[in-house]
Amino acid sequence: MWTKDANLPGTYKTWQQALDYVTSMNNGAGTYGYTDWRLPNRKELFSLVDRATYTPSLPSGHPFTNVQSSYYWSSTSYAADTPRAWGVDMYVGGVYAYFKSYSYYVWPVRGGQVDTFVNLVISKAGTGSGTVTSSPAGINCGATCSFLFPQSTSVTLTPTADSGSTFTGWSGDCSGT
Numbered sequence: 001m002w003t004k005d006a007n008l009p010g011t012y013k014t015w016q017q018a019l020d021y022v023t024s025m026n027n028g029a030g031t032y033g034y035t036d037w038r039l040p041n042r043k044e045l046f047s048l049v050d051r052a053t054y055t056p057s058l059p060s061g062h063p064f065t066n067v068q069s070s071y072y073w074s075s076t077s078y079a080a081d082t083p084r085a086w087g088v089d090m091y092v093g094g095v096y097a098y099f100k101s102y103s104y105y106v107w108p109v110r111g112g113q114v115d116t117f118v119n120l121v122i123s124k125a126g127t128g129s130g131t132v133t134s135s136p137a138g139i140n141c142g143a144t145c146s147f148l149f150p151q152s153t154s155v156t157l158t159p160t161a162d163s164g165s166t167f168t169g170w171s172g173d174c175s176g177t
């Protein structure tokens with residue numbers, strides 16, 4: 001359940017201030033009688049978007065008030081650069097990684113499932129070259145890359161050695177050939 005008012009704090013907040021604000025909504029009797037408010041994750045926030053519209057990028061007839069055609073914070077940190085977190089631009093519906101020190105809007109949500117993500121990091125060792133891809137999709141890199149997968153997802157990695165290189169095996173928690 002989303003707050004009807006898409007700008008409940010009435011002002012911009014840094015990412016940490018946004019997290020603190022939503023936590024404060026749960027004090028005492030809570031806000032609107034609920035004590036499980038939180039900052040939405042990236043997928044939840046993006047689920048509101050209608051990319052066919054803009055200013056704001058929400059479906060026509062949406063029930064919300066005070067929607068700002070600007071950036072909103074999600075609770076999801078950007079794994080490749082932890083001083084950043086994901087946000088959604090409600091002007092055009094894009095999803096971007098912003099520095100946590102910047103100030104953007106806050107749109108609290110409550111209830112539902114909170115996905116836990118695990119950052120899978122792939123690093124190539126040795127002098128050979130090639131690529132590693134994943135199923136489900138997300139990893140596609142040469143030397144080093146990472147991707148957030150929902151916790152408990154089984155990920156199959158496929159190494160492809162370039163001509164003149166040989167894949168010799170995995171290390172860490174990976175197994176197989």
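The opening position of the sequence shown corresponds to residue 1 in UniProt numbering, with each subsequent residue numbered one higher. Heads up, the beta-carbon is just placed ideally off N, CA and C, and yes, glycines get one too. Just so it is clear, the structure is predicted and the values come from calculations on it, not from any experiment.
Taking the beta strand (DSSP E) that residue i falls in, what are its first and last residues?
i: D89; result: R84 to D89
i: P159; result: T156 to A161
i: G130; result: G130 to S135
When you compare the CB positions of residue i and residue j, do they come within less than 8 Å of one another, or not?
i: Y96; j: A85; result: no
i: T127; j: T160; result: no
i: K13; j: S135; result: no
i: G93; j: Y34; result: no
i: L39; j: A6; result: no
i: L120; j: F167; result: no
i: G111; j: D20; result: no
i: C174; j: L157; result: yes
i: V155; j: V22; result: no
Between the Cα of residue i and those of the options, spot the shortest distance and give me the residue it belongs to.
i: S60; options: S70, L48 and Y71; result: L48
i: S69; options: T153, P56, G142 and A79; result: P56
i: G164; options: W170, S129 and N140; result: S129
i: F64; options: P83, V109 and Q17; result: V109
i: T82; options: D36, W15 and N66; result: W15
i: I122; options: C145, T156, H62 and A137; result: C145
i: S101; options: V155, N26, V67 and W73; result: W73
i: Y71; options: A52, F46 and H62; result: F46
i: F147; options: S154, V67 and I139; result: I139
i: G169; options: K124, V106, Y78 and N26; result: K124
According to the neighbour-count rule (16 or more other Cβ atoms, all chains shown, within 10 Å of its Cβ), is residue i buried or exposed?
i: N41; result: buried
i: S24; result: exposed
i: G87; result: buried
i: T3; result: buried
i: D89; result: buried
i: T76; result: buried
i: Y32; result: exposed
Segments assigned alpha helix (DSSP H), at least 4 residues, entirely inside the UniProt domain "Lcl C-terminal" (1-110): 15-24 and 42-46
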